[in-house]
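Just so we're aligned: 723 in full-length UniProt numbering is position 723 of the sequence shown, and the numbers increase by one with no gaps anywhere.
Using N, Cα and C, we set each Cβ at its ideal position, and we do this for glycine too.
Keep in mind that this is a model prediction, so the values were computed, not measured.
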Amino acid sequence: MLGIKLKNNKKFNEEREKKLDVNKKSYNINIIAIIVMFILSILICSLYPTIKNMAKQGDNVRSPYESISLLENIHEFSYVLYKDVLEKEKGQALTYDQVYIKENTDKTDVDYNLVVEQIKTTLNEWSGMSQDDLKNLNYLVLDKDGKKVKTNTNNNLDSLLAEGTENASNIENLNKIYDWYMVVNFDEKGVIEVKNVHGAYGYNVRNSFSNFSMKEKANIQGDSVKFNPIVNTTFVYAIPKDLKYSDFISKKANLLENNVNFNAVVLYVMMVFASILILSLVVPYKKGKEVFGIKSVLKIPFEINCFIFGCTAFFSAVGSGAAIFFTLDSRLVKKLLDFNINTRLDTVFTDVINIGMWIVIIYLIFVGAMLLKHIFTIGIVKYFKENLLIIKILRLIKKFLSKVINYVAHIDLTEKSNKFIIKVIGLNLIIMSIFCMFWFLGVFLSFIYSIVLFYLLRKYYTGIKNKFGILLDATNKIAEGNLDVQIQEDLGVFNPFKEEVERIQMGFKNAVDEEVKSQKMKTELISNVSHDLKTPLTSIITYIDLLKDENINEEDRKSYIDTLDKKSQRLKFLIEDLFEVSKATSGNVNLNLVNVDIVELMRQIEIELEDKIKKSGLIFRNNFPENKSILQLDSQKTFRIFENLLSNISKYAMKNSRVYIDILEKEESVEITLKNMSAVEIDFAPLDIVERFERGDKSRNTEGSGLGLAIAKSFVELQGGNFNIDIDGDLFKVIIEFKR
């Protein structure tokens with residue numbers, strides 16, 4: 001026992017020493033990391049003067065007097081000064097609307113008074129602005145004759161208008177006095193010409209000063225009121241080196257000393273970021289992941305890391321760039337603290353802020369580099385499988401949906417569903433509570449919402465159950481034989497099943513009707529066959545009994561035998577017709593297709609049936625094509641078709657009437673039409689007459705099996721043709737069409 005205890009203590013001590021050793025290594029790595037980040041931060045901050053020199057030497061450093069806002073203020077001031085020019089010219093005081101609105105403007109226009117007020121308000125604002133923001137601006141105004149109208153300086157600004165070398169000394173003196181000046185001339189059409197620009201890039205000044213519209217600046221809508229431009233006036237504007245007043249001009253000029261090219265700052269920041277990233281990637285992964293916080297970051301889902309690093313990268317880039325810019329501009333502390341402090345404290349605060357900022361940025365870049373190394377170390381596919389938040393969410397959703405679907409699939413709608421609904425509502429309540437756990441009112445509203453949701457779901461679920469009951473009741477009635485049941489209600493989600501049940505119901509009805517019809521046909525078939533077979537068979541039996549009499553003479557014997565022959569032939573033909581129609585109906589017929597001339601075949605049949613035709617007194621009118629009409633048909637079956645049709649005509653057509661037979665050739669088929677007037681009134685449907693044992697003579701006074709048209713129709717359809725019957729009053733028409 002003592003040995004086991006000593007062994008366990010030894011093992012515990014080894015694990016403890018190992019853990020302490022790991023902690024010591026991690027501690028050392030973190031100390032080194034902090035020192036390195038601190039040194040790098042100081043090194044980066046020490047390079048600020050270099051970036052300032054680079055920025056000031058850049059081509060993009062612009063004069064503060066190229067400022068668009070400053071030039072717009074000066075242009076607005078020109079409209080204020082131009083009023084003085086016109087007042088001196090006309091010798092009377094003028095209002096701004098009299099100066100700038102054309103005299104021929106319709107003063108009754110609805111917009112006129114509004115525009116007048118806008119002009120007065122805007123120009124008065126510009127006048128006040130010039131007194132506050134342009135105190136340091138020297139100006140000279142000359143009329144169209146070059147005479148001075150107004151000026152606020154004794155310096156010879158008119159020297160800028162003179163030409164020639166003798167004026168060079170005057171301009172040189174002005175250059176010593178002024179940092180910036182320009183000459184603006186408005187011609188008789190109001191076209192602006194900016195010239196003699198000093199202290200700024202002339203192209204920029206001309207573009208900014210010329211792109212000005214009083215109408216737009218005064219926010220005047222519509223075109224009903226026309227404006228006068230500034231014409232025939234020259235303005236000379238100048239800003240002295242010695243700025244006596246604090247105004248908008250002095251603020252712009254003060255920026256000149258510390259003017260830094262922001263593009264150069266951005267380039268410097270990008271270079272620093274890239275350098276830090278490269279140095280971070282050089283650090284071994286096993287050592288780097290021991291830095292504080294990194295192991296925790298590696299466990300965070302990839303999407304959240306992307307969001308965090310995306311935001312930090314953006315704010316780090318913008319923040320560091322702004323910090324460098326304002327540091328070089330000596331305004332960092334003032335921007336952050338919004339008050340001025342003494343120079344020494346300002347320097348200390350600035351250094352602390354910059355060093356702290358760069359320590360944070362270096363750490364974030366290092367963490368990002370370790371995350372990249374981690375991804376490639378364990379494998380991209382494996383990392384995404386384990387760390388993609390969307391995959392984890394999809395797995396949870398899949399698992400949840402599988403359970404829900406499995407549960408729903410086994411729900412019996414005939415049973416109570418309260419338990420299932422309560423579970424769903426309980427889950428919904430938990431979710432809503434999580435969403436608003438920090439807001440008590442939200443939890444209360446979630447509870448109320450859940451009660452309402454339970455009521456609505458219960459109502460909806462009950463509705464589904466009732467609709468299912470209606471559907472189930474209808475199917476039970478159909479199963480019991482009630483095929484006339486109708487479902488009038490809207491069954492919602494069960495409407496597709498309702499439609500299917502109605503289709504099944506209709507199918508059952510059709511099947512029953514077909515069965516009834518079939519039974520009726522079977523009964524009629526048996527009756528007709530019995531009658532048609534019994535008649536000749538009875539005659540045969542009768543005459544056989546007569547022949548048994550030994551006392552009959554030879555003449556009667558021959559007559560009886562002749563009658564027996566006719567009746568037996570009649571019985572034979574009837575049986576053959578039965579076999580023919582049976583085979584045709586079942587499709588068990590072999591076709592021997594050959595080239596058949598329909599025209600010649602029809603003529604041949606008319607010749608063979610000539611005796612019957614003459615006996616009936618019918619007059620045949622043939623409308624046949626002159627040439628042969630050749631088709632691929634079975635000659636025997638086709639002969640039987642036309643023989644049956646002509647036999648029917650000779651039996652049932654009106655005596656001494658005309659029969660029309662037309663053979664019409666079409667591009668893709670040949671159409672044969674047979675027309676005759678019926679001897680008796682036609683009181684049957686076209687589809688009924690082609691049924692087996694159906695006869696046009698219901699009294700059965702004529703010979704025939706009632707199979708002629710059925711056989712003809714079957715033989716036509718077996719050969720790919722169409723057989724149709726058309727009845728118009730007592731006109732009976734048969735139309736046969738064979739494809740070529």
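### Message
Going by beta-carbon coordinates alone, are D597 and S629 separated by less than 8 Å?
### Response
In this structure, D597 sits near S629, with a CB-CB distance shorter than 8 Å.
### Buried or exposed by the 16-neighbour rule on C-beta atoms within 10 Å, applied to D562
Per the 10 Å Cβ criterion, exposed.
### Range of the contiguous beta strand (DSSP E) that encloses I239
Run containing I239: 233-240, per the beta strand (DSSP E) assignment.
### Message
With a threshold of 8 Å, are at least 3 pairs of Cβ atoms found where one atom belongs to the stretch 209-216 and the other to the stretch 81-93?
### Response
With the cut-off at 8 Å, the stretch 209-216 and the stretch 81-93 do not touch.
### Message
Taking DSSP's pairing of strands, which residues face S69 in a bridge?
### Response
Under DSSP, no beta-bridge partner is assigned to S69.
### Query
Can you tell me where the beta strand (DSSP E) with L633 in it begins and where it stops?
Start and end: 630-634.
### Task
With distances taken Cα to Cα, identify the nearest neighbour of L709 among K176, I736, E216, N510.
Nearest in C-alpha terms to L709, of all of K176, I736, E216, N510, is I736.
### Query
In chain order, what residues of the same chain have a beta carbon less than 6 Å from the beta carbon of D730, not counting five sequence neighbours either side?
Around D730: M677, S678, I682.
### Task
Measure the CB-CB distance between L537 and L571 and report whether it falls below 8 Å.
The answer is yes: Cβ separation under 8 Å.
#### Entry: Where D597 falls: helix, strand or coil (DSSP)
Correct three-state label for D597: strand.
### Status (buried if at least 16 other CB within 10 Å, exposed otherwise) for Y181
Under the 10 Å beta carbon count, Y181 is surrounded by 16 or more other beta carbons and is classified as buried.
### Inter-residue spacing [alpha-carbon to alpha-carbon] between I487 and A474
When the Cα atoms are used, I487 and A474 turn out to be separated by approximately 7 Å.
### Task
Specify, as a first and last residue, the run of the alpha helix (DSSP H) that T122 falls within.
112-133 is the extent of the alpha helix (DSSP H) around T122.
### Query
Just reading off the beta strand (DSSP E) that D728 is part of, what are its end residues?
Going by DSSP, D728 is part of the beta strand (DSSP E) stretching over 722-728.
### Task
Determine the DSSP secondary structure at D662, reduced to helix, strand or coil.
In the displayed model, D662 falls within a strand according to three-state DSSP.
### Query
Can you round the beta-carbon distance between L157 and I249 to whole angstroms, since I take them to be within the 8 Å contact cut?
Actually they are not in contact, since the Cβ atoms of L157 and I249 sit about 16 Å apart, beyond 8 Å.
### Message
Spatial neighbours of K612 within its chain, please: C-beta separation below 6 Å, excluding the five flanking residues on both sides.
### Response
Cβ-Cβ distances below 6 Å link K612 to S650 in the same chain, with the five nearest sequence neighbours on each side left out; the list follows chain order.
### Message
Spatial neighbours of M602 within its chain, please: C-beta separation below 8 Å, excluding the five flanking residues on both sides.
### Response
These residues qualify, in order along the chain: N622, F624, F642, I661, I663, I672.
### Query
Candidates G368, I220, K241: which alpha carbon is nearest N173's?
It is K241.
### Task
Compute the Euclidean distance between the alpha carbons of E290 and N30, then round it to the nearest angstrom.
Just so you know, the alpha carbons of E290 and N30 end up roughly 7 Å apart.
#### Entry: Residue(s) in a DSSP beta bridge with K403
For K403, no pairing in a beta bridge is given by DSSP.
### Message
Just to confirm before moving on: does the CB-CB distance between N595 and Q636 stay below 8 Å?
### Response
Result no, Cβ atoms of N595 and Q636 do not sit closer than 8 Å.
### Query
Where does F715 land, buried or exposed, given buried means 16+ other C-beta within 10 angstroms?
The C-beta of F715 has 16 or more other C-beta atoms within 10 Å across all chains shown, which makes the residue buried.
#### Entry: Residue range of the unbroken alpha helix (DSSP H) whose run includes S616
Secondary structure note for S616: its alpha helix (DSSP H) is the uninterrupted segment 610-616.
### Message
Using C-beta distances below 6 Å, list every residue in its chain close to F732, excluding the 5 sequence neighbours before and after it, in chain order.
### Response
Excluding sequence positions up to five before and after F732, its CB lies within less than 6 Å of the CB of N676, S678, all in the same chain and listed in chain order.
#### Entry: Length of the line joining the Cα atoms of C45 and I397
C-alpha separation (whole angstroms): 51 Å.
### Task
Just the C-alpha distance for residue 742 and L123, rounded to the nearest angstrom, thanks.
Given that the chain is displayed from residue 1 to residue 740, the structure contains no residue 742 and the question cannot be resolved.
### The beta strand (DSSP E) enclosing A621, as first and last residue numbers
Strictly speaking, residue 621 in this sequence is Arg, with Ala absent from that position. For R621, the enclosing beta strand (DSSP E) starts and ends at 619-623.
### Task
Following the continuous alpha helix (DSSP H) through D97, name the residue where it begins and the one where it ends.
Run containing D97: 96-100, per the alpha helix (DSSP H) assignment.
### Query
Leaving out the 5 sequence neighbours to the left and right, which residues in its chain are closer than 8 Å to Q118 when beta-carbon positions are compared?
Apart from sequence neighbours up to five positions away, the residues of its chain that approach Q118 with a beta-carbon distance below 8 Å are A218, N219, I220, ordered along the chain.
### Query
For the putative contact between S41 and I355, defined by C-beta atoms under 8 Å, what is the C-beta separation to the nearest angstrom?
That pair is a contact at about 5 Å.
### Message
According to DSSP, R653 sits in a beta bridge with which residue or residues?
### Response
Checking the displayed sequence, the identity of residue 653 turns out to be Ala instead of Arg. S678.
### Query
What separation, rounded to the nearest whole angstrom, lies between the Cα atoms of G721 and K713?
Rounded to whole angstroms, G721 to K713 spans 9 Å at the Cα level.
### Message
Among Y268, K150, G368, I308, whose alpha-carbon lies nearest the alpha-carbon of G321?
### Response
G321 has its Cα closest to that of Y268, out of Y268, K150, G368, I308.
### Message
Can you list, in chain order, the residues of its chain with a C-beta nearer than 7 Å to that of T377? Leave out the 5 residues immediately preceding and following it.
### Response
Within the same chain, T377 has close Cβ partners Y285.
### Query
Using a Cβ-Cβ cut-off of 7 Å (strictly less than) and excluding sequence neighbours within five positions of G368, which residues of its own chain qualify?
So the qualifying residues of the chain are F309.
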